[in-house]
Amino acid sequence: SQQGEEDPQALSIQEGENATMNCSYKTSINNLQWYRQNSGRGLVHLILIRSNEREKHSGRLRVTLDTSKKSSSLLITASRAADTASYFCAPNLSGGYNKLIFGAGTRLAVHP
Amino acid sequence: DGGITQSPKYLFRKEGQNVTLSCEQNLNHDAMYWYRQDPGQGLRLIYYSQIVNDFQKGDIAEGYSVSREKKESFPLTVTSAQKNPTAFYLCASKSSLGTGANTEAFFGQGTRLTVV
Numbered sequence: 509s510q511q512g513e514e515d516p517q518a519l520s521i522q523e524g525e526n527a528t529m530n531c532s533y534k535t536s537i538n539n540l541q542w543y544r545q546n547s548g549r550g551l552v553h554l555i556l557i558r559s560n561e562r563e564k565h566s567g568r569l570r571v572t573l574d575t576s577k578k579s580s581s582l583l584i585t586a587s588r589a590a591d592t593a594s595y596f597c598a599p600n601l602s603g604g605y606n607k608l609i610f611g612a613g614t615r616l617a618v619h620p
Numbered sequence: 277d278g279g280i281t282q283s284p285k286y287l288f289r290k291e292g293q294n295v296t297l298s299c300e301q302n303l304n305h306d307a308m309y310w311y312r313q314d315p316g317q318g319l320r321l322i323y324y325s326q327i328v329n330d331f332q333k334g335d336i337a338e339g340y341s342v343s344r345e346k347k348e349s350f351p352l353t354v355t356s357a358q359k360n361p362t363a364f365y366l367c368a369s370k371s372s373l374g375t376g377a378n379t380e381a382f383f384g385q386g387t388r389l390t391v392v
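In structure tokens, the structure reads:
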């Protein structure tokens, strides 16, 4: 399957700590996207990293991509209670641009 | 405001009934998607459409049907053949500019369907 698999399934941390989530995939990709979902809501796009990029930053978010290992990581620095949500990766398959598949996600809980 | 709208937010269905979930977008996106999400689970792709009058089955299309008569609209019908339809349904759209490879998806706020 082209979908990403996130790890861990759940993560519980204290405010101020960093949170790292990982994503593995199986096929060649054009890019990999990370999304966030607050409970009972739609997904919101966080960041897109292209296959020729190794690292990308957006505010407190840092995404890395290792195409040789077919893996990506999302780091949230100095986490806040408001970061509590589920996080999903979506590898965008080479040649299958418009088929968007998601994994099971990582459920992050940030405690005050 | 540009966006993607799903309606209704909550929907109740009696066993044996068909129900239709609405999804409308004014983002001028070519690609649209329907996903199903069960409690504590990820998103599973039901159907997607890359262009008007064309759509493809996703991983769990059985018991569902769609149409794409207009670019702005991609309604999902949950038929009586879907034996376990209680779930949260999400619609999304995405630009297909160029190859569409490096564009993000925009999601609606979801419809929660319950069988009563």
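Heads up: the sequence lines are chains A and B, in that order.
Heads up: take any position in the first sequence, counting from 1, add 508, and you land on my numbering.
Heads up: take any position in the second sequence, counting from 1, add 276, and you land on my numbering.
The beta carbon of each residue, even a glycine, is placed where N, CA and C say it ideally should be.
(request) Return the first residue and the last residue of the beta strand (DSSP E) that T572/A is part of. (result) Residue numbering aside, residue 572/A sits at position 64 when the first sequence is read from its first letter. L569 to D574 is the extent of the beta strand (DSSP E) around T572/A.
(message) For chain A, check one thing: does any of its Cβ atoms lie closer than 7 Å to the Cβ of A337/B?
(response) Walking along the second sequence from the start, residue 337/B turns up at place 61. No - not a single Cβ of chain A is within 7 Å of the one on A337/B.
(message) Per the DSSP calculation, D330/B is bridged to which residue(s)?
(response) Position 54 of the second sequence, counted from the first residue, corresponds to residue 330/B. I327/B, per the DSSP bridge assignment.
(request) List the residues of chain B that R568/A touches, going by C-beta distances under 8 Å, in chain order. (result) Your numbering for residue 568/A matches position 60 in the first sequence. Ordered by position in chain B, no residue passes the 8 Å Cβ test against R568/A, which lies about 19 Å from the chain.
(request) Determine the chain B residues that contact Q541/A at a beta-carbon separation under 7 Å, and present them in chain order. (result) For the purposes of this step, residue 541/A is taken as residue 33 along the first sequence, with counting starting at 1. Chain B residues near Q541/A: E380.
(message) Among F383/B, K359/B, V295/B and S341/B, whose alpha-carbon lies nearest the alpha-carbon of K370/B?
(response) For the purposes of this step, residue 370/B is taken as residue 94 along the second sequence, with counting starting at 1. Considering only alpha carbons, the answer is F383/B.
(request) Please name the residue in T592/A, E513/A and Y533/A whose C-alpha comes closest to that of S576/A. (result) The residue you call residue 576/A lines up with position 68 of the first sequence. For the residues T592/A, E513/A and Y533/A, the minimum Cα distance to S576/A belongs to Y533/A.
(request) Would you mind working out which of L569/A, P599/A and K578/A sits nearest T585/A, comparing C-alpha positions? (result) Residue mapping note: residue 585/A aligns to position 77 of the first sequence, counting from 1. If we check each option's Cα against that of T585/A, L569/A comes out closest.
(message) Against chain B, which members of the region 582 to 597 of chain A pass a CB distance test of less than 7 Å?
(response) F596
(message) Assuming K506/A is part of the beta strand (DSSP E), what are its boundary residues?
(response) Residue 506/A cannot be examined here, being either before or after the span of chain A that is shown, 509 to 620.
(request) Name, going along the chain, the residues of the region 605 to 619 of chain A whose beta-carbon falls closer than 8 Å to a beta-carbon of chain B. (result) Y605, N606, K607, L608, I609, F610, G611, A612, G613 and R615
(message) Only counting the same chain, and skipping five residues up and downstream in sequence, which positions put a Cβ closer than 6 Å to that of S509/A?
(response) Counting from one through the first sequence, the residue named residue 509/A turns up at place 1. For S509/A, the predicted structure reports a pLDDT of 47, less than 50, and the residue's modelled location is therefore unreliable. The matter cannot be settled from this model.
(request) Taking L287/B as the query, report the chain A residues whose CB atoms sit under 9 Å from its CB, ordered along the chain. (result) Translated into positions along the second sequence, residue 287/B becomes position 11. The premise fails here: L287/B is roughly 15 Å from chain A at the closest Cβ pair, so nothing lies under 9 Å.
(message) On the DSSP bridge list, what partners appear for F288/B?
(response) Here residue 288/B refers to the residue found at position 12 of the second sequence. T390/B, per the DSSP bridge assignment.
(request) Round the Cβ separation of G339/B and Q326/B to the nearest angstrom and send it over; I've been treating them as touching at under 8 Å. (result) Translated into the one-based positions of the second sequence, residue 339/B becomes position 63. Translated into the one-based positions of the second sequence, residue 326/B becomes position 50. With 8 Å as the limit, G339/B and Q326/B do not qualify as a contact, their Cβ atoms being about 22 Å apart.
(request) Spatial neighbours of L366/B within its chain, please: CB distance less than 7 Å, with the 5 preceding and 5 following residues excluded, ordered by chain position. (result) Walking along the second sequence from the start, residue 366/B turns up at place 90. Cβ neighbours of L366/B beyond the five flanking positions: Y311, Q313, L319, F383, G384 and G386.
(request) Just the C-alpha distance for V328/B and A612/A, rounded to the nearest angstrom, thanks. (result) Residue numbering aside, residue 328/B sits at position 52 when the second sequence is read from its first letter. Residue numbering aside, residue 612/A sits at position 104 when the first sequence is read from its first letter. One C-alpha to the other measures close to 30 Å.
(request) Return yes when the Cβ of Q541/A is within less than 7 Å of the Cβ of A593/A, no when it is not. (result) Working through the first sequence from its first residue, we reach residue 593/A at position 85. Working through the first sequence from its first residue, we reach residue 541/A at position 33. Cβ atoms of A593/A and Q541/A: not closer than 7 Å.
(request) Express the C-alpha separation of G292/B and V552/A in angstroms, rounding to a whole number. (result) Counting from one through the first sequence, the residue named residue 552/A turns up at place 44. Counting from one through the second sequence, the residue named residue 292/B turns up at place 16. Cα to Cα, V552/A sits roughly 34 Å from G292/B.
(message) Tell me the rounded alpha-carbon separation between G567/A and M308/B.
(response) The count along the first sequence starts at 1 and reaches residue 567/A at position 59. The count along the second sequence starts at 1 and reaches residue 308/B at position 32. Computed Cα separation, rounded: 29 Å.
(request) Consider the Cβ of H565/A: report whether some Cβ of chain B lies at a distance smaller than 7 Å. (result) By 1-based counting over the first sequence, the position of residue 565/A is 57. No, because no Cβ of chain B sits closer than 7 Å to the Cβ of H565/A.
(request) Ignore the nearest five residues each way along the sequence and tell me which others in S298/B's own chain have a CB closer than 6 Å to its CB. (result) As a first step, residue 298/B is located in the second sequence; it is residue number 22 there, counting from the start. S283 and P351, listed in sequence order.
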